[in-house]
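Numbers given in our numbering equal positions in the sequence shown, counted from 1, plus 1.
For glycine and all other residues, C-beta sits at the position ideal for the given N, C-alpha and C.
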Amino acid sequence: MQPRLDLVDYHIHTARCGHASGEMAAYVERAVRVGLPEMGFSDHIFLYWLPPEERDPELAMAEDQFDGYVEEVFRLRREHPEIAIRLSVEADFIPGHEATLRSILDRYPWDYVLGSVHFVDAWGMDDSRYIATYDEWDIDELYERYFDL
Numbered sequence: 002m003q004p005r006l007d008l009v010d011y012h013i014h015t016a017r018c019g020h021a022s023g024e025m026a027a028y029v030e031r032a033v034r035v036g037l038p039e040m041g042f043s044d045h046i047f048l049y050w051l052p053p054e055e056r057d058p059e060l061a062m063a064e065d066q067f068d069g070y071v072e073e074v075f076r077l078r079r080e081h082p083e084i085a086i087r088l089s090v091e092a093d094f095i096p097g098h099e100a101t102l103r104s105i106l107d108r109y110p111w112d113y114v115l116g117s118v119h120f121v122d123a124w125g126m127d128d129s130r131y132i133a134t135y136d137e138w139d140i141d142e143l144y145e146r147y148f149d150l
């Protein structure tokens with residue numbers, strides 16, 4: 002007998018992160034319609050290592066949206082008991098800022114945290130607005146640096 006494999010989506014961003022669109026409730030309603038047994042919102046955590054005035058609203062939610070994001074997931078859970086809705090964030094690893102990240106993550110009972118590396122030093126390496134920066138790197142050195150993180 003083949004094991005049952007349910008389709009799920011654990012990497013759902015919201016409009017809060019600046020590069021997704023739509024209402025969270027609409028995502029849940031669609032997931033229910035297509036028969037997903039569970040889903041997970043995993044919006045980008047605010048750019049905690051930068052001063053507020055340097056945080057790019059196209060890359061992650063604003064710090065003042067963080068609590069509202071969590072509250073909305075909790076509300077959607079209550080309103081949609083027919084689907085398991087997981088609470089998550091996608092959190093960039095930035096060397097030297099581990100304690101700050103830990104203190105932020107400790108504020109809520111996350112179901113999971115997606116760790117990510119979108120920044121090498123101060124460069125948002127997967128941001129198409131800064132693609133020309135690749136020309137400044139030896140590609141082997143860049144990927145060595147990336148995987149060292």
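Rounded to whole angstroms, the separation of the alpha carbons of L106 and Y49 is 11 Å.
In the structure shown, V9 adopts coil according to DSSP, grouped into three states.
DSSP places V35 outside both helix and strand once states are collapsed to three, so it counts as coil.
A85 has its alpha-carbon roughly 7 Å from the corresponding atom of R78. Beta-bridge partners assigned by DSSP to L115: E91.
Remark: C-beta atoms of V118 and Y147 approach each other more closely than 8 Å. Taking the Cβ atoms as the reference, E39 lies roughly 6 Å from R87, within the contact range of under 8 Å. Spatial neighbours of A21 in its own chain (CB-CB distance under 7 Å, excluding positions within 5 residues in sequence) are listed in chain order as H14, T15. Per DSSP, D122 is not a residue of any alpha helix (DSSP H), being assigned neither H nor E. For T15, there is no enclosing alpha helix (DSSP H), as DSSP gives it neither H nor E.
Taking a contact as a CB-CB distance under 8 Å, the pair D44 and Y70 counts as one, their CB atoms being some 6 Å apart. The beta-carbon distance between L150 and P96, rounded to whole angstroms, is 7 Å. This is short enough to meet the 8 Å contact definition.
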